[in-house]
Amino acid sequence: MTETPSRPDGLTYSQAGVDIDAGNRMVDMIKPLVRATARPGADAEIGGFGGLFDLKAAGFKDPVLVAANDGVGTKIKIAIETGRHDTIGIDLVAMCVNDLVVQGAEPLFFLDYFATGKLSPEAGAQVVKGIAIGCRQAGCALIGGETAEMPGLYADGDYDLAGFAVGAAERGTLLPRGVVEGDVVLGLASSGVHSNGYSLVRRIVERSGLAWDAPAPFEPSRSLGEALLEPTRIYVKSVLGVHRAAGAIKALAHITGGGFVDNIPRVLPEGLGASIDLSAVTMPKVFGWLAEVGGIAEAEMVRTFNCGIGMVVVVAAADADRVAEGFRLAGETVAVLGHITKAAAEPRVTFTGTLSS
Numbered sequence: 001m002t003e004t005p006s007r008p009d010g011l012t013y014s015q016a017g018v019d020i021d022a023g024n025r026m027v028d029m030i031k032p033l034v035r036a037t038a039r040p041g042a043d044a045e046i047g048g049f050g051g052l053f054d055l056k057a058a059g060f061k062d063p064v065l066v067a068a069n070d071g072v073g074t075k076i077k078i079a080i081e082t083g084r085h086d087t088i089g090i091d092l093v094a095m096c097v098n099d100l101v102v103q104g105a106e107p108l109f110f111l112d113y114f115a116t117g118k119l120s121p122e123a124g125a126q127v128v129k130g131i132a133i134g135c136r137q138a139g140c141a142l143i144g145g146e147t148a149e150m151p152g153l154y155a156d157g158d159y160d161l162a163g164f165a166v167g168a169a170e171r172g173t174l175l176p177r178g179v180v181e182g183d184v185v186l187g188l189a190s191s192g193v194h195s196n197g198y199s200l201v202r203r204i205v206e207r208s209g210l211a212w213d214a215p216a217p218f219e220p221s222r223s224l225g226e227a228l229l230e231p232t233r234i235y236v237k238s239v240l241g242v243h244r245a246a247g248a249i250k251a252l253a254h255i256t257g258g259g260f261v262d263n264i265p266r267v268l269p270e271g272l273g274a275s276i277d278l279s280a281v282t283m284p285k286v287f288g289w290l291a292e293v294g295g296i297a298e299a300e301m302v303r304t305f306n307c308g309i310g311m312v313v314v315v316a317a318a319d320a321d322r323v324a325e326g327f328r329l330a331g332e333t334v335a336v337l338g339h340i341t342k343a344a345a346e347p348r349v350t351f352t353g354t355l356s357s
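In full-length UniProt numbering, the protein residues as written are 1 to 357.
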């Protein structure tokens, strides 16, 4: 190949806004973080063109693969505006792996996509640090990802994230299964707002007039920004532990955007719905503050936010007590929310009682 002579006015990729050396520096910074997520089936080494996973080494005999992808939404704006980048990656993993475990699948590996206008290797490494923490909490390996520097598409300092998780379950063990009228609905407590509804959250903060570094009205020991960045709870290990030990879980629903109203029906057979007693929900104070400052009606709250319940579990009435106790022993806070009902038409989820914080 003949070398093209350089011109005095010749441009470089760096002058166009893309710094390959910064990308390489970030890769070097995150290699130890990624390596710490190794598990049977994956060595969690990065640098190749694709990540590998060995299902046989992971102990599966006749697996069905389950895949999920998601992002973090505008919660990222709070991370950017506060300069706190070390937990948003936990949210990214949580939003994907919680969607896998509701089908009874064990998360095996994770890949991330990090897009920014101008790469800061230090901020990027903090994001990946959170992703690695989330992967360890979920028991999955971080086997690869992509960092894209795209000047002109994102403002300086802005970035976006997407995550991709793959899990597996032995054939015949997938959920949901066997849900009938009269089954009990349990709820596992959330860690806070999780990662949905943040466009509304940010409007409420704007209305409040508070800065991100002001003490949180609902948790004065922390700043408002820090409190609202509380990571999404990852339910993988507790759910899989109870599912495998008790063998009694019929269905699980991850309570994300759409709240109880839209997410519970996703795991129910046609003709069935759920009756939920809102007075059984212990609502974290953050939701009471959001409702008050935003003037949000209860019907809007239960369709926008998790209101304190991040995962719903459906079990037979005869199994409810032992399943609830299994979750408590696994470190979860459990509430009996209601029961499965007949529901020939909308709404499939009905409510009694009222929310209180």
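From the three backbone atoms N, C-alpha and C, an ideal C-beta is built for every residue, glycine too.
query = Does the pairing of the region 154-164 with the region 264-282 give three or more beta-carbon distances under 8 Å?
reply = No, the region 154-164 is not in contact with the region 264-282.
request  = Could you round the C-beta distance between Gly167 and Leu108 to whole angstroms and report it? I think they count as a contact, below 8 Å.
outcome  = In the sequence shown, residue 167 corresponds to position 167, counting from 1. In the sequence shown, residue 108 corresponds to position 108, counting from 1. Right, the Cβ-Cβ distance comes to about 5 Å (below 8 Å), so this counts as a contact.
query = Which parts of the UniProt domain "PurM-like N-terminal" (64-168) are runs of the beta strand (DSSP E), unbroken and 3 residues or longer, counting only runs that do not cross its ends?
reply = 106-116, 141-149
request  = Return the residue from the list Asn98, Glu325, Leu278, Trp212 that minimises the CA-CA distance to Ala299.
outcome  = Against the sequence shown, residue 299 aligns to sequence position 299. Cα-wise, what sits closest to Ala299 is Leu278.
task = Can you tell me the Cβ-Cβ gap for Pro151 and Val27, rounded? I've got them flagged as a contact below 8 Å.
result = In the sequence shown, residue 151 corresponds to position 151, counting from 1. In the sequence shown, residue 27 corresponds to position 27, counting from 1. Between Val27 and Pro151 the Cβ distance is about 19 Å, and since that is not below 8 Å, they are no contact.
request  = Look at the alpha carbon of Leu175 and the alpha carbon of Ala105, and state the distance between them as a whole number of angstroms.
outcome  = Along the sequence shown, read from residue 1 onward, the residue named residue 175 stands at position 175. Along the sequence shown, read from residue 1 onward, the residue named residue 105 stands at position 105. Between Leu175 and Ala105, the C-alpha separation is close to 8 Å.
task = Kindly list the residues whose CB is nearer than 8 Å to the CB of Pro63, restricted to its own chain and excluding five residues on each side of it in sequence; keep chain order.
result = The residue given as residue 63 occupies position 63 in the sequence shown. So the list reads Leu55, Ala168, Ala169, Glu170, Arg171, once near-sequence residues are dropped.
key: Cα-Cα separation between Val281 and Ala318, rounded to whole angstroms   = What you label residue 281 is simply residue 281 of the sequence shown in a count that begins at 1. What you label residue 318 is simply residue 318 of the sequence shown in a count that begins at 1. Using only the alpha carbons, I get a separation of about 22 Å.
query = Among Gly182, Ala189, Ser190, Leu224, which one has its Cα closest to the Cα of Leu268?
reply = Residue numbering aside, residue 268 sits at position 268 when the sequence shown is read from its first letter. That would be Gly182, whose Cα lies nearest to the Cα of Leu268.
key: Cβ pair Ala68, Asp99 closer than 7 Å   = Here residue 68 is taken as the residue at index 68 of the sequence shown, counted from 1. Here residue 99 is taken as the residue at index 99 of the sequence shown, counted from 1. Result yes, Cβ atoms of Ala68 and Asp99 sit closer than 7 Å.
inquiry  = Considering Cα atoms alone, identify which of Arg35, Ala123, Ile88, Ala57 is closest to Ile131.
reply    = Your numbering for residue 131 matches position 131 in the sequence shown. Of the listed residues, the one whose Cα sits closest to Ile131 is Ile88.
inquiry  = Going by C-alpha to C-alpha distance, which of Thr82, Gly192, Phe327 sits closest to Ala245?
reply    = Position 245 of the sequence shown holds residue 245. Nearest C-alpha to Ala245: Phe327.
ask   = What span of residues does the beta strand (DSSP E) with Lys250 cover, start to end?
value = Locating residue 250 in the sequence shown gives position 250, counting from the first residue. Lys250 -> beta strand (DSSP E) spans 249-254.
task = Could you say which of Gly295, Ala115, Gly134 lies nearest to Glu230 if we only look at CA atoms?
result = Taking the first residue of the sequence shown as position 1, residue 230 is located at position 230. Ranking Gly295, Ala115, Gly134 by Cα distance to Glu230 puts Gly134 first.
query = Taking the continuous alpha helix (DSSP H) assigned at Arg190, which residues delimit it?
reply = Here the question's residue 190 lines up with position 190 in the sequence shown. Strictly speaking, residue 190 in this sequence is Ser, with Arg absent from that position. It is not in any alpha helix (DSSP H) - Ser190 carries neither H nor E in the DSSP assignment.
query = Quick one: what does DSSP say Ala215 is sitting in, helix, strand or coil?
reply = Translated into positions along the sequence shown, residue 215 becomes position 215. The amino acid at residue 215 is misidentified as Ala; the sequence shows Pro. Correct three-state label for Pro215: strand.
ask   = Under the rule that 16 or more other beta-carbon atoms within 10 Å means buried, what is Val180, buried or exposed?
value = What you label residue 180 is simply residue 180 of the sequence shown in a count that begins at 1. Val180 should be labelled exposed.
task = Out of Gly225, Ala94, Ala344, Thr37, point me to the one whose CA is closest to Val201's CA.
result = For the purposes of this step, residue 201 is identified with residue 201 of the sequence shown, where counting begins at 1. It is Gly225 whose Cα lies nearest to the Cα of Val201.
key: Own chain residues within Cβ distance below 7 Å of Leu210, not counting five before or after   = Residue 210 sits at position 210 when you count from the first residue of the sequence shown. If we look at Leu210 and ignore the five residues flanking it on each side, its Cβ neighbours are Leu224.
key: Thr37 in three-state terms, based on DSSP   = The residue given as residue 37 occupies position 37 in the sequence shown. Coil, per DSSP.
ask   = By DSSP, does Ser14 sit in helix, in strand, or in coil?
value = Position 14 of the sequence shown, counted from the first residue, corresponds to residue 14. Ser14: coil per DSSP, three-state reduction.
ask   = Which whole-angstrom value is the C-beta distance of Val293 and Ser199, which I expect to be below 8 Å?
value = Taking the sequence shown and counting its residues from 1, the one referred to as residue 293 is at position 293. Taking the sequence shown and counting its residues from 1, the one referred to as residue 199 is at position 199. The Cβ separation is near 15 Å, so there is no contact.
ask   = Starting from Ser195 and walking both ways along the beta strand (DSSP E), at which residues does that stretch end?
value = Within the sequence shown, residue 195 is the residue found at index 195, counting from 1. Here Ser195 belongs to no beta strand (DSSP E), and DSSP marks it neither H nor E.
Close beta carbons around His254, own chain, < 7 Å, minus the five adjacent residues each side = One-based indexing of the sequence shown puts residue 254 at position 254. So the qualifying residues of the chain are Asn98, Asp99, Val102, Asn263, Met311.
ask   = Nearest to Val34 by alpha carbon, out of Gly331, Pro284, Gly308, Arg136?
value = As a working mapping, residue 34 is identified with position 34 in the sequence shown. The residue among Gly331, Pro284, Gly308, Arg136 with its C-alpha nearest the C-alpha of Val34 is Arg136.
request  = Name the two residues that bound the continuous beta strand (DSSP E) containing Gly259.
outcome  = On the sequence shown, position 259 is the one that residue 259 refers to. Element bounds for Gly259: not the beta strand (DSSP E) but the alpha helix (DSSP H), 259-263.
request  = Could you tell me how far apart the beta carbons of Arg222 and Ser191 are, in whole angstroms, since I believe they sit closer than 8 Å?
outcome  = Position 222 of the sequence shown, counted from the first residue, corresponds to residue 222. Position 191 of the sequence shown, counted from the first residue, corresponds to residue 191. So it is not a contact: roughly 13 Å between Cβ atoms.
ask   = Considering Asp54, what are the terminal residues of the alpha helix (DSSP H) in which it resides?
value = Taking the sequence shown and counting its residues from 1, the one referred to as residue 54 is at position 54. Segment: none, Asp54 is in no alpha helix (DSSP H) and carries neither H nor E.
key: Exposed unless 16 or more other CB atoms sit within 10 angstroms - verdict on Gly10   = Working through the sequence shown from its first residue, we reach residue 10 at position 10. Burial is judged here by how many other beta carbons sit within 10 angstroms of a residue's own beta carbon; Gly10 has fewer than 16 and is exposed.
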